[in-house]
Every structure is written in C-alpha cells, then in structure tokens.
Amino acid sequence: MKKIVCLILMTLTFAGVYAQKTKTLYDFKAVALDGTPFDLTSLKGKKVLVVNTASKCGLTPQYAQLEKLYEQYKDRNFVIVGFPANNFASQEPGTNKEISEFCTKNYGVTFPMMQKISVKGEDMDPLYKWLTSKGENGVLDAPVQWNFQKFLINEKGQVADVALPRELPDSEKIIRWIEGK
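Numbering (our numbering), first residue to last: -6 to 174.
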C-alpha cells in the first residue's frame, strides 16, 4: 500500500513539475523592427495571432487583411504580431528598416512587427520552436509550411490553434476564434 501511495505521489509531483515547465508566449523575447525590445508579457489577457510574413510572396496581400482584422478587433483584447522571415524562396530579403518601410507604405501596417527571424531549420528562433512543436507547446505539432502561417494564442499565452498560410486572416475559423464562438 505504501508503494502505491508513493507511486501516486511521485506521478502527481512529476505531472505538476511538467505542467509548470510548459512555456507560454510570455516566456519569449522579441525585438520590434525599430530595434526596441518588445515585451510579450504586455500581451497577457489578449488573444494573439502570430504570423510569419514576407514582402515578396504571392500571399503578401494578406498584410491588408491582417491590418483590417487588427483595426476591427484591437479594442477587443486582440493583437497581431508579425515576424518577417526569409525561409521560403528568399521572399523576405530586406533589412528590418526596409521591411518596416514596405509594410507602412504599401499596407499601412500598424500592428506590431518584429525583427526578421528564422521560422524553420537549424537557426529557428526559440519562439517558433515552441509554436511548432507539441513537445514544447503541449498542444500541437505545426511546422511552418510557408509565409503567412498563423498561430492562434489564447489569453493565457498558450497555443490554441493554427491557420495554414493560404487561410485568409478574415476566415470564419479565425473570426470565430477571436469572437469566442
């Protein structure tokens, strides 16, 4: 009987330790396009759509839809955070300054845009390791397939779902998630 009790206690302890080690969005660092640190903990309590972007991609017009979505829901505890990446067919070759100018001039982007990172491969940013691996996020495996893959992060900073690159930012799935339906 003592062995069973000890085994149960060890299992519960391990489960508690594991649960405490599961990271959230707030455990990562980011830097805005202008070089200033961006505190991801400032997003606590908000739904966050994290998207890897590129300026020279057939999906680049999604910037306009992302901006419209942001404007529509930003006052309802929702934010979009863009992460430019040059991982797919070298479609984001610009510097952070060039990316910022492109986004502002062509799409009027006002949602937070971070510095260019890698979203796959050996130099993958730690945030994207977490986003794409069930072993890290505790929810799902979702390797980035192309530019404009969208990760839906709940108000607690946990991965809730993923929308693949061709799914538009204003899709029914994303709108329903934002609105909590």
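Even for Gly, the Cβ is constructed at its ideal location relative to N, Cα and C.
query, result
"Using C-beta distances below 8 Å, list every residue in its chain close to L52, excluding the 5 sequence neighbours before and after it, in chain order.", "W139, N140, F141, P158, R159"
"Applying the 10 Å Cβ sphere with the 16-neighbour rule, what's the burial state of K40?", "buried"
"Output yes or no for whether 7 Å exceeds the beta carbon distance between G114 and T15.", "no"
"Can the beta-carbon of L36 be found closer than 7 Å to that of F21?", "no"
"With distances taken between CB atoms, is the gap from D154 to L62 smaller than 7 Å?", "no"
"Provide the residue(s) that pair with K127 in DSSP beta bridges, ordered along the chain.", "The partner list for K127 (beta bridge, DSSP) is empty, contrary to what the question assumes."
"Between the Cα of S111 and the Cα atoms of V102, S83, K49, which residue gives the shortest distance?", "S83"
"Give the DSSP bridge partners of N45, in chain order.", "F76"
"Tell me whether G128 is buried or exposed, calling it buried when 16 or more other Cβ atoms sit within 10 Å of its Cβ.", "exposed"
"How would you write the range of the alpha helix (DSSP H) that F144 sits in, first residue to last?", "Run containing F144: none in the alpha helix (DSSP H); it sits in the beta strand (DSSP E), 143 to 146."
"In terms of residue numbering, what span does the alpha helix (DSSP H) encompassing A82 cover?", "From DSSP, A82 is part of no alpha helix (DSSP H); its letter is neither H nor E."
"With distances taken between CB atoms, is the gap from S126 to F95 smaller than 7 Å?", "no"
"Would DSSP call F95 helix, strand or coil?", "helix"
"Using the beta-carbon count (16 or more within 10 Å), is Q108 buried or exposed?", "buried"
"Between S93 and L26, is the Cβ-Cβ spacing less than 7 Å?", "yes"
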